[in-house]
Amino acid sequence: MSERNTSISPYTGWTRADWAALADRMLDAAWRHASPTGARITPPGAPGGYGTAVDGLEGFARTFLLAGFRITGEQGRDPGNLLERYARGIAAGTDPTSPERWVTPNEHGQAKVEAASIALILDLTRPWLWDRLDSGVQERVVDYFAQVVGDHTYPQNNWAWFRIVVEQFLSSVGGPWSLADMEADLARHESFGRDGGWYSDGDERSYDHYVGWALHLYPILWARMSGAAEQAAPRLPEYRRRLDGFLLDAVRLVGADGSPLLQGRSLVYRFAAAAPFWAGAVAGSDALDPGLLRRAASGIVKHFADRGAPDTDGLLTLGWFHPWRRMAQRYSGPASPYWAAKGMLGLALPADHPVWTAVEQPLPVEREDQLAVVPAPGWAVAATRADGVVRVYNHGTDHARPGARTTDSPLYARLAYSTATAPLMDDDGWDQPFDQSVVLLDADGRATHRSGFTTLDVRLTDDGEAAVLASRARCHWVEPDRTAPDHGNGLPGQAVDAGTVTTVSLVRGAWEVRAVHVDPADAPGWARVTALRLGGWPVPAEAAPVRVDGPAFAEVTGVSLSSTAAGLRGLDAAGVRLARDAGPLGEWTAIPWLQAIPGQGFWHVAAFSLNGGGQPPLADVSGPEDAPVVRVTWPDRVTTTAALPVPSTGPHHHAQNLSRAA
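In terms of the numbering used here, the sequence shown opens at residue 674 and continues consecutively.
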């Protein structure tokens, strides 16, 4: 590493030259799998769920994003001859008579997604590409894009931006477009806004990386498109304000090793998670220092580049560090991961931009331990400087609506996620919640699901020493409908209620104290319940030692992570489950668990940690049944006292929040 690298980038060693080299390597590799005209780019691998024609269009459009950023940042200089190659691809892709023509928006919904990337880059590189296209090709591009005008079949989520971007481009080149479409889509985007600068990706409680790489990214880029100023000007201050608020949370969610949170769908896009930090730079955000924006973005991309993504051939595969197909949704194809290009938006900024010239600043987790709540998704963030791991405790996100009776998505509905662990994502992980779960079991060991729960509390204690979260679920067994679309959410199906389960998480440092109350009132499946099980952190466990001591303590220790489960009250069995090929971080995953026969009107209490070490916290529950209180003594002797929710009185009882969310 050069002195220059360490002086400007003391944490990652990466400069703009490293980013450019990675982009060139990725583009060169992708183009080795282009069709003769270049209209389709189809990396090797099994076809996606939408077929090879869609796969090829994805490969063109998503690598075009990266090429466009690269060329824009160089003010049109193009030593790799990318402009000519993509121009030939556009000419053939929009030619109805070409054997390599693109699937159209009228033919397949995915073409609407890819059209937005093409339109965005045609606008961004306008003087070097669009303006030099043959007029006949320009007309065909307009005809291709025009199919989206007046199309009201777009999913009501981040897809609203795909139509906005395409119609904005059309309006700038004299093509057909609809002000009514634009206004409706912009209003739809507004409906997604939540507290603290967050968005939900649709009406459900869908909080994930799409908040950053779509719902914050597109408004900032759209506002800079040709002809957008009139509509964007009154909206842009609010977009920037929300982005500033979101960035303060987003930077806390990056691990010291650069890992983003392993939560939510489309994780195969990997370092697209860096996109909101570049959006902040493009927008001129002052929420974070430019050196911190680059530190976060470089850390995320370097995290993958150092661990095998892109692979030795320069390609991104369906997986995390290495190929792992189960991580992708059913529709994903071999070119889908190239939406990772969004995380390289910074290359569109010139070398003298402050985000490239500022000295890297440390991430929050590199400065000190972090404890914060994020009310919109119902999260508490607990990060520890000693190991650089960020943990998120979840009592508000499930990719469902309150009252839903679907299966739990392991990507959304688990009680906790981190930058160092991955939820179980094999078939059992989808059907039978285990890691970071509270479930009721029947005689066959079938586990209940919690999606549709009610959030009761998300706050910091008055002294700021701990976080308190609570939720109540009408837990249910589900016979899932496996023909339902796979968009990362749980599956619908015939459901049977097993009981009402209230779960409270008290969080400090690496430890969580989890209190659980089970109410059988009016649950038709209660007679089938044989046990209550609490699952802990899932850790990569290659030949990891396992320790089970006494009736209610289990721990697994790997190379760099330990996961501990300790029963503190009313739990009398413990163990460790080993799952093979259930996640992208290693061959084996280990999860400690605790179990008991659920006591009616009783609070079961346990402690769970990821890299907690030492003695677990202590906890005591006192007070009458209608006003219970838990008192926790943490390993550092700090104490936390919190009121527990009043027990439910059946399936339709909705307790008020214990206190206003912080």
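Where a beta carbon is used, it is the ideal one built from N, C-alpha and C, also for glycine.
Item, Value
"Do you know how far the Cα of Pro1158 is from the Cα of Ile1264?", "29 angstroms"
"Report yes if the C-beta distance between Phe742 and Ile791 is below 8 angstroms; otherwise report no.", "no"
"Just curious, the alpha helix (DSSP H) that Pro1037 is in, first and last residue?", "Pro1037 to Arg1040"
"Assign Glu773 to buried or exposed, taking buried as 16 or more other Cβ atoms, counted over all protein chains shown, within 10 Å of its Cβ.", "buried"
"Can you name, in chain order, every residue of its own chain whose Cβ lies under 6 angstroms from the Cβ of Ala1077, other than the five neighbours on each side?", "Ser1124 and Gly1125"
"Rounded to the nearest angstrom, what separates Glu1228 and Val955 at their Cα positions?", "46 angstroms"
"How long is the line joining the alpha carbons of Thr777 and Glu757, rounded to whole angstroms?", "23 angstroms"
"Quick one: grab the DSSP three-state call for Arg1220.", "strand"
"Could you say which of Arg897, Gly885 and Val941 lies nearest to Arg915 if we only look at CA atoms?", "Gly885"
"In the structure shown, what three-state DSSP assignment does Pro1324 receive?", "Unreliable positioning characterises Pro1324 in this predicted model, as indicated by a pLDDT of 43, which lies under 50. The coordinate reading is nonetheless provided below. Three-state DSSP puts Pro1324 in coil, outside helix and strand."
"Return the chain-ordered list of same chain residues with a C-beta closer than 6 angstroms to the C-beta of Pro1271, the five sequence neighbours on each side being excluded.", "Val1191 and Leu1205"
"Could you tell me which of Asp1170, Thr990, Ala1008 and Val1032 sits nearest to Thr1079, measuring between CA atoms?", "Asp1170"
"List in chain order: all unbroken alpha helix (DSSP H) runs of 4+ residues lying wholly within the segment 708-778.", "725-746 and 755-766"
"Would Leu852 be called buried (16 or more neighbouring beta carbons within 10 Å of its own) or exposed?", "exposed"
"Output the distance between the C-alpha atoms of Arg1222 and Thr1262, rounded to the nearest integer angstrom.", "Looking at the sequence itself, residue 1222 is Asp, so the reference to Arg does not match. Distance between the alpha carbons of Asp1222 and Thr1262 is about 20 angstroms."
"Anyone know if the C-beta pair for Ala1045 and Arg925 falls short of 8 angstroms?", "yes"
"Per DSSP, what kind of secondary structure is Leu797 in: helix, strand or coil?", "helix"
"Determine the burial state of His825: buried for a count of at least 16 other Cβ atoms within 10 Å of its Cβ, exposed for fewer.", "exposed"
"Distance check for Trp1012 and Leu888, CA to CA, integer angstroms please.", "14 angstroms"
"Going along the chain, which residues of its own chain have a beta-carbon closer than 7 angstroms to the beta-carbon of Trp951, five neighbours each way excluded?", "Ala970, Leu1018 and Gly1019"
"Going straight from the alpha carbon of Pro1083 to that of Arg1253, what length do you get?", "16 angstroms"
"To the nearest whole angstrom, what separates the beta carbons of Ile946 and His995, a pair I think is in contact under 8 angstroms?", "The sequence shown places Ala at residue 946, rather than the Ile named in the question. Going by Cβ atoms, the distance from Ala946 to His995 rounds to 18 angstroms, so no, they are not a contact pair."
"Going by the beta-carbon positions, is the gap between Pro1308 and Pro1297 smaller than 8 angstroms?", "no"
"I believe Leu1340 touches Thr1092 by the beta-carbon criterion, under 8 angstroms. Please report the beta-carbon distance rounded to the nearest angstrom.", "The first residue shown for the chain is 674 and the last is 1335, placing residue 1340 beyond what the model contains."
"On a Cα-Cα basis, can you pick out the residue from Phe818, Gly749, Gly957 and Glu903 that is closest to Asn779?", "Phe818"
"Per DSSP, what kind of secondary structure is Tyr1085 in: helix, strand or coil?", "coil"
"Looking at C-alpha atoms only, which residue of Asp959, Gly847 and Ala788 is the closest neighbour of Phe835?", "Ala788"
"Would Asp697 pass as a contact of Gly732 if the rule is Cβ separation under 8 angstroms?", "no"
"Could you compute how far the alpha carbon of Gly931 sits from the alpha carbon of Val1063?", "11 angstroms"
"To the nearest angstrom, how far is the alpha carbon of Leu1207 from that of Val1278?", "10 angstroms"
"For Gly1357, is the classification buried or exposed, using 16 other Cβ atoms within 10 angstroms of its Cβ as the cut-off for buried?", "Residue 1357 falls outside the range modelled here, since the chain spans only 674 to 1335, and no answer is possible."
"Pro717 and Trp997: beta carbons closer than 8 angstroms?", "no"
"Along the chain, where does the beta strand (DSSP E) that runs through Tyr1066 open and close?", "Val1062 to Asn1067"
"Hey, out of Phe944, Gly1286, Gly847 and Arg943, whose CA is closest to Ser899's CA?", "Gly847"
"Since Trp1184 sits in a beta bridge, which residues does DSSP pair it with?", "Arg1181 and Ser1282"
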